[in-house]
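Mind the numbering: the sequence shown is residues 1165 to 1610 in this note's numbering, read in order. Heads up, the beta-carbon is just placed ideally off N, CA and C, and yes, glycines get one too. The structure presented is a predicted model; accordingly, all values stated were derived computationally and were not measured.
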Amino acid sequence: MHFLAAPGLRFDLLRLALLVISLSSAAPSSHAVPLQTAPPTPQDIAQPASVTPTQNSTTTYHLSPEKYQKAIAYSRAGYRLYFLSVLWNLAVILFLLRSGFIAKLRDFAESRTRGHSLQAVLFVPALFVPLGLLHLPINLYWHHLSLYYQQSIQPWGSWFWDWAKAELLEIALALLVVTLLFALIRSKPRSWWLFAWLGAIPLSLFLGLIAPWYVDPLFNKFRPLQETQPQLVQSIALLSRRAGIPIPPERMFLMEASAKTNAINAYVTGLGASKRIVIWDTSIRRTRPEELLFIVGHEMGHYVLGHVAKGFAYFLALLFFALFLAYRALDWMLARRGSAWGIRGQSDWAALGALLLVLNVMSFSGEPIGNAFSRMQEHAADAYGLQLIQGLFPDPNEVAAHSFQVLGEEDLDDPNPPKFIVFWLYSHPPLNDRLQFAHNFPHPPK
Ligand SMILES: [Zn+2]
């Protein structure tokens, strides 16, 4: 949950989520509460920090005609690509099942060794590597779009290296999860889904804990915020005292996003000892200090209102039903198609193909359920951030409204998203709604 939804990121998370039952998206790292974008840093701000945003107040999210066209084209291309990728994934898995490819992989793994763990070591990468390669055209096109619309500035070589690292991680995680899952299916043919759910709890907590330490640094550079932005850290400390939740400076990081992107954003991530606020350096360059503080206030809202814990509980509740449904759907599917696809039963490695099909469908159908919850939290965090900055600046509502405007312009946020898209895909309320909410936020009684 970044302050603004980050489309490129979402594809990766989504995919990981599909493939590896639960691990990814919901639980850990995405509890990461998004920060909005951007704040300013005192020192590299060209304009004096005291300047009031604009002569006119910001009442709606508006773009110049040229930017408007671009934002519409970019976001629509992203929506189309998302739905295309969902269909494409289903088609690919179906093809691999119907052609007997997955059953042949199973035969190959079983012919080489009798040990289940070794079979998994042969079978899982042999399935996931082709899946990754078949998904590559979608990733390539997405990166092409991001470059074309000047959101990304990441060279292709570096992009490929990131892609390869993500694939390797995904395969390693899939190997672990699939090995454990199939051991469960073999020993508890009727209740494996329940034990899988129980196992997902510590696993997701663990991943949430270690992701900021060991996963995120594989893709971006992080430095303590204190190192380059001591003044910003001080302002945040002030704000966090105001909120009554002091955040130690060692929990604040700067992400060197400018190496790869022009977009601005910020977020909260990690669990327990790894919990932290991360601010993209691009945000610091392009927003005013007051705007940055509003964004941080929004993030503090996620903390204070317990969004991380609530989001986690919500995810686990959904996962409980999802795993039960997956168990039933798998049963149903194998009864109908199992022999045609050469699958002997749920405990057959080849059943993983059918399970991936089911999980893809469920993950897609679950989007609106997860996003509705997320939009609620984001709205609450906006209200909290607005509340927090009341009295801090002469016109706090304008500061917040203007920060949305800046974020939208820089990130080419869709100025006019179709209702269906908001319902299905938006993890945040549409930007214009957020901006107007800020503009009309009631001032506290004097
Ligand atoms: Zn947020």
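C-alpha distance - residue i paired with residue j, whole-angstrom precision
i: alanine 1545; j: serine 1438; result: 21 Å
i: glutamate 1463; j: glycine 1549; result: 8 Å
i: histidine 1543; j: histidine 1566; result: 17 Å
i: alanine 1407; j: arginine 1598; result: 21 Å
i: alanine 1421; j: leucine 1332; result: 22 Å
i: asparagine 1524; j: tryptophan 1252; result: 11 Å
i: leucine 1254; j: tryptophan 1505; result: 15 Å
i: threonine 1446; j: alanine 1336; result: 32 Å
i: arginine 1449; j: proline 1582; result: 31 Å
i: alanine 1486; j: methionine 1526; result: 7 Å
i: glutamate 1414; j: serine 1351; result: 45 Å
i: leucine 1282; j: phenylalanine 1359; result: 23 Å
i: proline 1593; j: glycine 1264; result: 44 Å
i: phenylalanine 1601; j: glycine 1470; result: 22 Å
i: tryptophan 1320; j: threonine 1425; result: 13 Å
i: arginine 1473; j: tyrosine 1590; result: The sequence given here has alanine at residue 1473, not arginine. Between alanine 1473 and tyrosine 1590, the C-alpha separation is close to 21 Å.
i: lysine 1385; j: methionine 1419; result: 6 Å
i: tryptophan 1361; j: serine 1310; result: 37 Å
i: tryptophan 1327; j: proline 1294; result: 14 Å
i: alanine 1401; j: phenylalanine 1259; result: 55 Å
i: leucine 1269; j: arginine 1244; result: 33 Å
i: alanine 1427; j: leucine 1521; result: 34 Å
i: valine 1288; j: alanine 1514; result: 10 Å
i: proline 1558; j: glutamate 1454; result: 11 Å
i: glutamine 1481; j: glutamate 1230; result: Inspection of the sequence shows that residue 1481 is occupied by alanine rather than by glutamine. Spanning the two alpha carbons is a distance of roughly 45 Å.
i: proline 1192; j: alanine 1430; result: Because proline 1192 carries a pLDDT of 27, less than 50, the predicted location of this residue cannot be relied on, and no value is offered for it.
i: arginine 1387; j: phenylalanine 1417; result: 6 Å
i: leucine 1344; j: serine 1239; result: 39 Å
i: tryptophan 1323; j: valine 1285; result: 27 Å
i: alanine 1330; j: leucine 1382; result: 9 Å
i: phenylalanine 1458; j: leucine 1403; result: 9 Å
i: histidine 1299; j: serine 1249; result: 8 Å
i: isoleucine 1130; j: leucine 1595; result: Outside the modelled stretch of the chain, which goes from 1165 to 1610, sits residue 1130, for which no answer is possible.
i: phenylalanine 1479; j: phenylalanine 1488; result: 14 Å
i: arginine 1398; j: proline 1366; result: A quick correction: the sequence has glutamine, not arginine, at residue 1398. If I take the Cα positions, the gap works out to 36 Å.
i: isoleucine 1317; j: tryptophan 1356; result: 45 Å
First and last residue of the uninterrupted beta strand (DSSP E) at residue i
i: proline 1388; result: 1386-1388
i: isoleucine 1317; result: Element bounds for isoleucine 1317: n/a, residue is neither H nor E.
i: tyrosine 1656; result: The shown model of the chain, from 1165 to 1610, leaves out residue 1656, and the question about it has no answer.
i: isoleucine 1441; result: 1440-1444
i: leucine 1418; result: 1416-1419
Residue i, DSSP secondary structure in three states
i: arginine 1240; result: helix
i: histidine 1607; result: coil
i: isoleucine 1411; result: coil
i: serine 1368; result: helix
i: threonine 1277; result: coil
i: threonine 1223; result: coil
Residue environment, residue i, which counts as buried when at least 16 other CB atoms sit within 10 Å
i: glycine 1279; result: exposed
i: aspartate 1208; result: With a pLDDT of 27 at aspartate 1208, under the threshold of 50, the predicted position of this residue should be treated as unreliable, though the coordinate-derived value follows. That one is exposed.
i: asparagine 1535; result: buried
i: glutamate 1391; result: exposed
i: threonine 1277; result: exposed
i: valine 1341; result: buried
i: methionine 1540; result: exposed
i: glutamine 1554; result: exposed
i: glutamine 1510; result: buried
i: proline 1579; result: buried
i: phenylalanine 1568; result: buried
i: alanine 1364; result: buried
i: isoleucine 1411; result: buried
i: histidine 1307; result: buried
i: asparagine 1561; result: buried
i: tyrosine 1312; result: exposed
i: proline 1606; result: exposed
i: arginine 1354; result: exposed
i: tyrosine 1378; result: exposed
i: serine 1529; result: exposed
i: leucine 1576; result: buried
Boundaries of the alpha helix (DSSP H) in which residue i is found, first to last residue
i: glutamine 1551; result: 1515-1553
i: lysine 1626; result: Outside the modelled stretch of the chain, which goes from 1165 to 1610, sits residue 1626, for which no answer is possible.
i: valine 1586; result: 1583-1589
i: leucine 1575; result: In the sequence under discussion, the amino acid at residue 1575 is aspartate, which differs from the leucine named in the question. Taken as a continuous stretch (DSSP letters only), the alpha helix (DSSP H) holding aspartate 1575 covers 1560-1575.
i: tyrosine 1467; result: 1453-1468
Interface flag, residue i vs chain D, CB-CB below 8 Å
i: valine 1563; result: Judged by its chain identifiers, the structure shown contains no chain D, having just a single protein chain.
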